[in-house]
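The structure appears below as C-alpha cells.
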Amino acid sequence: MGTLTSYSFMPVNSEFHSNPVRLAFKERIQFPNSSSSSCFFSTHRLKFGKRVNFYRFKCFNGDSKNDDVDGVEGENGVNVSNSKESSNTATTTTTTTTLPEAEQKRESGFNSEKSTPTSTSPRSSLSSLGPTYNNFQVDSFKLMELLGPEKIDPADVKLIKDKLFGYSTFWVTKEEPFGDLGEGILFLGNLRGKREDVFSRLQNLLVEISGDKYNLFMVEEPNSDSPDPRGGPRVSFGLLRKEVSEPGPTTLWQYVISLLLFLLTIGSSVELGIASQINRLPPEVVKYFTDPDSVDAPDMELLFPFVEAALPLAYGVLGVLLFHEVGHFLAAFPKQVKLSIPFFIPNITLGSFGAITQFKSILPDRSTKVDISLAGPFAGAVLSFSMFAVGLLLSSNPDVAGDLVQVPSLLFQGSLLLGLISRATLGYAALHAATVSIHPLVIAGWCGLTIQAFNMLPVGCLDGGRAVQGAFGKNALVGFGLTTYTMLGLGVLGGPLSLPWGLYVILCQRTPEKPCLNDVSEVGTWRKTVVVIATFLVVLTLLPVWDELAEELGIGLVNSF
1 MGTLTSYSFM PVNSEFHSNP VRLAFKERIQ FPNSSSSSCF FSTHRLKFGK RVNFYRFKCF
61 NGDSKNDDVD GVEGENGVNV SNSKESSNTA TTTTTTTTLP EAEQKRESGF NSEKSTPTST
121 SPRSSLSSLG PTYNNFQVDS FKLMELLGPE KIDPADVKLI KDKLFGYSTF WVTKEEPFGD
181 LGEGILFLGN LRGKREDVFS RLQNLLVEIS GDKYNLFMVE EPNSDSPDPR GGPRVSFGLL
241 RKEVSEPGPT TLWQYVISLL LFLLTIGSSV ELGIASQINR LPPEVVKYFT DPDSVDAPDM
301 ELLFPFVEAA LPLAYGVLGV LLFHEVGHFL AAFPKQVKLS IPFFIPNITL GSFGAITQFK
361 SILPDRSTKV DISLAGPFAG AVLSFSMFAV GLLLSSNPDV AGDLVQVPSL LFQGSLLLGL
421 ISRATLGYAA LHAATVSIHP LVIAGWCGLT IQAFNMLPVG CLDGGRAVQG AFGKNALVGF
481 GLTTYTMLGL GVLGGPLSLP WGLYVILCQR TPEKPCLNDV SEVGTWRKTV VVIATFLVVL
541 TLLPVWDELA EELGIGLVNS F
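Here the sequence shown is numbered in the UniProt record's numbering, starting from 1 and rising by one per residue.
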C-alpha cells in the first residue's frame, strides 16, 4: 500500500506562467469557459516503492457544476490524466466569483467548522476568495481511491464470476468489498460440494482464466446466520490482486536494522552473564547497580575481567534464540513459506525478548500456520530445558564447584514450574537459604524457557497468538488476547517483566496474523491438543509463586530479608 507523504492545495490562475506541471499534462486540461469560475490546484505525493505525484484540479462555476482534472506524475513524467472534458489547448480563466448559494448550502455541513484565514496568516491572500475558499472540500472518496491499493478491474470481476463459479462449485448470490480497504471482491453464495475440493478446483481454474494475477481466499462468511448444511461454517471466496495481498520483499534498511538489533542483543546477553556474577563483582559496581541512592558511576573498566566468564551464559542465551528461529525456518521450508529475517529484541533482564519474524508469503492453510508457529518455541524450549536440567545436575557436583555462582533463593519464586523442578533436584535445604549455588547453565536455561513462554502467550502476532488463531480461529484469539492482557496488567503472569513485555506486545505484535488462503478448514484434534497443552505449560512457567505457597513448598527463603 502506498504512503501519503504530503498533500496541499492552492488557488491557481489558469495561465501557466512558470509551467507548474508537465507540458503533456497541461495540454490535457480544460477549464470551464464561464467567467464566474474558481479553480483549485492540489498535489499530493504517494510512494509505491518510487515517487509518484498526483495532481488534482477542482473548478467551480456559476452554472452549479464543477470540473475535475486528475493527473499522475511518476518518475518519467505524467502517466495518467483524466478530465470530464478535454481539448488540445488550455483556456485562460481568472478566478473572480464564488460558488452559488445552492452549492454553498450543499457543502455547508462538511465545512461548518472551517473559517476564513486571518490577515496574519501566511495564506492571507486567499481571504479575497471568500466563501469559495471556505467551501472548498477534498473529495475524500476519490482521494482514498488514489492513495489506496489498486482495485480489481470490473471487467475481470465479471469474467471471473461468469467462468470461475457455477452450479457444480459455488453459486454466487451477492458481492461485497473484501480486504482491509475494500480493494478486493468477496463472493457470497452457496457451496455445491466439499469445500476443500471446490477450493482446489477454483484455484486451478483461476490460474487458467487470469494467470498469476489474483489470489483466491476461502474464508468464513461474515455475519452468517446459520452453518453450512454440509457441516461447518458457511464459506465465501475473496479475490485480491497478488501485489496487494502478498507481503513485500525485505528492504536494505530492514537488513541494517536487523543487524543492529542483533549486535545489541549480543551486548545485553553479555551483560546478563556479568550480572550473574554479582557475588564476585567489585563492591562499588554492585552498589551502583543495586543502591538507588548511588549517583557516582564507577569505572566500567572494572567489569572487563568478568567478560570472559560471562561468555558461556551469553552463548547459551544466543543459542536458544538461534534454535528458535531455525525451528521456524525448518517448518516453513517444506511448505514453501518464506520468512523474513529475524529482528531480535534486546533485554537486560533475560538477554532478549526473542525476535520478530514475519511471513513473507501467504500461508496456504491454518495447519501450516500452527506448525510453523509451534516449531520455533518447541526448538528453543528443547535446548533451554536441556541446559536447565544439565545445569541443575552440575550444581550439586563438587567437581565443578569453582564454576558455580551465587544467586538469591527468591529467584526460584519467579516460576512455579521451574521452581518445583529446582526444588525436586536441589532439595529443600539448598533452596531454603538466602543464596543458592548454581551452575550458569541453570540461568541460561531459565532465561531461555522464560523467553519461549513469553513468545507463546496467545495474543497478537506472537507465536502463541498465531497458533491459537490457526487452531481455533480469530474469534478465539480475541478472547485469549483479552485474558492475557488482563493477566499481564495485573502482574499475574511474568512478575516484574509483565509490564515491559505487555508494552512490547502492544507496540510491536498486537495485530493478528492475516488470513490464510484456506482460512476455513480445521486443523485436526491433535494440533488443537498440542496448542492447549503448550498454553497450559506457558501459564505454569510464567506464574510466580506467592510467599505463602513458596514457604509451604520450600521454594526460597521467604523470611530471609
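Ideal Cβ positions, reconstructed from N, Cα and C, are used throughout, including at glycine. All figures in this text were calculated on a predicted structure; none of them were measured in a lab.
Extent of the continuous alpha helix (DSSP H) run through residue i
{"i": "residue 535", "result": "525–542"}
{"i": "residue 466", "result": "463–472"}
{"i": "residue 171", "result": "From DSSP, residue 171 is part of no alpha helix (DSSP H) but of the beta strand (DSSP E) over 170–178."}
{"i": "residue 257", "result": "252–275"}
{"i": "residue 408", "result": "From DSSP, residue 408 is part of no alpha helix (DSSP H) but of the beta strand (DSSP E) over 405–408."}
{"i": "residue 425", "result": "416–426"}
{"i": "residue 500", "result": "498–504"}
{"i": "residue 454", "result": "440–455"}
Exposed unless 16 or more other CB atoms sit within 10 angstroms - verdict on residue i
{"i": "residue 456", "result": "buried"}
{"i": "residue 380", "result": "buried"}
{"i": "residue 307", "result": "exposed"}
{"i": "residue 214", "result": "buried"}
{"i": "residue 486", "result": "exposed"}
{"i": "residue 225", "result": "exposed"}
{"i": "residue 158", "result": "exposed"}
{"i": "residue 563", "result": "With the chain represented from 1 up to 561, any question about residue 563 goes unanswered, as that position is not in the structure."}
{"i": "residue 347", "result": "buried"}
{"i": "residue 511", "result": "exposed"}
{"i": "residue 165", "result": "buried"}
{"i": "residue 268", "result": "buried"}
{"i": "residue 218", "result": "buried"}
{"i": "residue 498", "result": "buried"}
{"i": "residue 413", "result": "buried"}
{"i": "residue 533", "result": "exposed"}
{"i": "residue 434", "result": "exposed"}
{"i": "residue 160", "result": "buried"}
Helix, strand or coil at residue i according to DSSP, with G and I counted as helix
{"i": "residue 314", "result": "helix"}
{"i": "residue 397", "result": "coil"}
{"i": "residue 552", "result": "helix"}
{"i": "residue 183", "result": "coil"}
{"i": "residue 435", "result": "strand"}
{"i": "residue 509", "result": "helix"}
{"i": "residue 153", "result": "coil"}
{"i": "residue 352", "result": "strand"}
{"i": "residue 228", "result": "coil"}
{"i": "residue 211", "result": "coil"}
{"i": "residue 188", "result": "strand"}
{"i": "residue 601", "result": "Residue 601 lies beyond the stretch modelled for the chain, which goes from 1 to 561, so this question has no answer here."}
{"i": "residue 494", "result": "coil"}
{"i": "residue 460", "result": "coil"}
{"i": "residue 518", "result": "strand"}
{"i": "residue 321", "result": "helix"}
{"i": "residue 284", "result": "helix"}
{"i": "residue 365", "result": "strand"}
{"i": "residue 359", "result": "strand"}
{"i": "residue 391", "result": "helix"}
Whole-number beta carbon distance between residue j and residue i, since they are thought to touch under 8 Å
{"i": "residue 242", "j": "residue 212", "result": "7 Å"}
{"i": "residue 343", "j": "residue 261", "result": "6 Å"}
{"i": "residue 539", "j": "residue 493", "result": "7 Å"}
{"i": "residue 509", "j": "residue 356", "result": "7 Å"}
{"i": "residue 567", "j": "residue 167", "result": "The structure shown does not extend to residue 567, since the chain is modelled only from 1 through 561, so no value can be given for it."}
{"i": "residue 438", "j": "residue 391", "result": "7 Å"}
{"i": "residue 240", "j": "residue 179", "result": "6 Å"}
{"i": "residue 377", "j": "residue 463", "result": "5 Å"}
{"i": "residue 467", "j": "residue 374", "result": "6 Å"}
{"i": "residue 418", "j": "residue 541", "result": "7 Å"}
Beta-carbon contacts of residue i that lie in its chain and below 7 Å, excluding the five residues immediately before and after
{"i": "residue 313", "result": "272, 273, 276, 440, 443, 444"}
{"i": "residue 554", "result": "423, 428, 431, 432"}
{"i": "residue 227", "result": "233, 234"}
{"i": "residue 366", "result": "470, 516, 519, 521, 523"}
{"i": "residue 201", "result": "169"}
Unbroken beta strand (DSSP E) run spanning residue i, endpoints
{"i": "residue 218", "result": "214–220"}
{"i": "residue 605", "result": "Past the edges of the chain, shown from 1 to 561, lies residue 605, and the structure says nothing about it."}
{"i": "residue 347", "result": "343–347"}
Residues near residue i by beta carbon distance below 6 Å, same chain, minus five either side
{"i": "residue 447", "result": "317, 350, 351"}
{"i": "residue 320", "result": "380, 383, 384, 448"}
{"i": "residue 387", "result": "316, 441, 444, 445"}
Cβ neighbours of residue i in the same chain (closer than 8 Å, five flanking residues each side left out)
{"i": "residue 286", "result": "278"}
{"i": "residue 249", "result": "360"}
{"i": "residue 270", "result": "307, 310, 311, 314"}
{"i": "residue 246", "result": "215, 361, 362"}
Distance cut-off 6 Å: residue i Cβ against heavy atoms of the ligand NAD
{"i": "residue 532", "result": "The ligand NAD is not part of the structure shown, which contains no ligands of any sort."}
Within-7 Å CB hit, residue i to chain B
{"i": "residue 555", "result": "Looking for chain B here will not work: only one protein chain is present."}
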